[in-house]
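Basically my numbering = 1-based index in the sequence shown + 6. Ideal Cβ placement from N, Cα and C applies to all residues, glycine included. One structure is given below, encoded as structure tokens.
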Amino acid sequence: MTLSKKIFLLLILPALFINAAHSQTINWASLGKEQRHIAHAHAGFDYAFVYGVGYSRQLLSPIPILATIDFSTPVGNKVLDDFKTKIGGVADLCEFNNFHLSASVYGIYRRYENPMAVLQNFGSEFKGVFGFYQSKWFVAAEFGFDKAIVTHFEHSDAFKENYPEVKNGWYQPATGGNFSYGVQTGLSFDGVDALFRIGKVVTQDFKSSPTIPFYAEFGTNIKINR
């Protein structure tokens with residue numbers, strides 16, 4: 007492995023695993039058409055302890071669709087040092103005998119800083135969920151893919167002293183991605199969802215994984231009538 011590849015892996019791998027797993031979780035059977043606004047919060051472990059908040063708006067459409075924005079950051083870090091923002095949507099594609107199939111698509115911006123460099127990354131996330139939903143509870147399986155498309159490196163002066171040949175700038179083509187799969191469940195009552203997700207993360211080549219390759223997350227949705 008060349009020196010440049012070693013440097014690249016040292017810098018990029020931690021950033022790819024930070025906040026890779028969170029996605030909007032919803033009990034479709036308890037979501038009313040009049041509940042146009044949803045505030046959500048989440049906290050859990052995903053390579054690091056992370057927490058986040060977000061907002062979803064239910065669109066006027068033939069099938070239930072939520073437009074969503076989300077912000078998350080690791081616990082203990084300066085908020086603007088390491089964080090992830092997501093914007094996109096999730097749709098309940100079909101329903102049969104209380105079984106629902108939904109899919110989500112998000113655009114992602116990540117920022118990750120360490121003593122060696124500041125990384126800014128643009129990426130995407132795709133996720134499918136299939137499960138059994140009742141008005142008071144649900145359980146479902148999830149499978150997703152989180153892709154880092156392009157990453158900008160701004161190396162520190164200390165790093166440049168040790169590796170003077172390194173250059174700042176955007177690195178293309180795609181820098182990596184993660185598959186995630188797991189289970190999500192929740193309870194619903196009085197316009198509130200209490201949620202839990204657990205699963206595993208692997209890299210797209212299926213040859214490596216983070217030091218702790220599991221994620222777990224608690225969350226809540228507060229659904230507000232228009």
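> Helix or strand or just coil, what does DSSP make of K166?
Replying inline: helix
>> With distance defined between alpha-carbon atoms, name the residue in Q41, A35, A123 and I204 nearest to D163.
In response: A123
>> According to DSSP, is I230 part of a helix, a strand, or is it coil?
In response: Strand at I230.
> Do the CB positions of Y177 and T157 come within less than 8 angstroms of each other?
Replying inline: yes
> For S130, does the three-state DSSP call read helix, strand or coil?
Replying inline: strand
> G113 and F132: beta carbons closer than 8 angstroms?
Replying inline: no
>> For F51, which residues in the same chain have their Cβ closer than 7 angstroms to its Cβ, ignoring the five residues on either side in sequence?
In response: Counting only Cβ-Cβ distances below 7 angstroms, and skipping sequence neighbours, we find Y221 and A222.
>> So for S62, helix, strand or coil by DSSP?
In response: strand
>> I believe A35 touches F144 by the beta-carbon criterion, under 8 angstroms. Please report the beta-carbon distance rounded to the nearest angstrom.
In response: 7 angstroms
>> Taking only three categories from DSSP, how would you classify S78?
In response: strand
>> Here's the rule I'm using: 16 or more other beta-carbon atoms within 10 Å means buried, otherwise exposed. How should I308 be labelled?
In response: Nothing can be reported for residue 308, as the shown portion of the chain is limited to 7 through 232.
>> Can you check which of these residues, Y61, H106 and Y53, is closest to V81 by C-alpha distance?
In response: Y53
>> Let's test the definition: count the other Cβ atoms within 10 Å of the Cβ of H106 and tell me whether it reaches 16, buried, or not, exposed.
In response: Around the C-beta of H106, 16 or more other C-beta atoms lie within 10 Å, and the residue is accordingly described as buried.
>> For a test of the three-state rule: what should DSSP assign to S36, helix, strand or coil?
In response: helix
>> For a test of the three-state rule: what should DSSP assign to N174, helix, strand or coil?
In response: In the three-state reduction of the DSSP assignment, N174 falls in the coil class, being assigned neither a helical nor a strand state.
> Going by other Cβ atoms of all chains shown within 10 Å of its Cβ, with 16 needed for buried, is K173 buried or exposed?
Replying inline: exposed
> If you draw a straight line from the alpha carbon of Y139 to that of I155, how long is it in whole angstroms?
Replying inline: Between Y139 and I155, the alpha-carbon positions lie close to 34 angstroms from each other.
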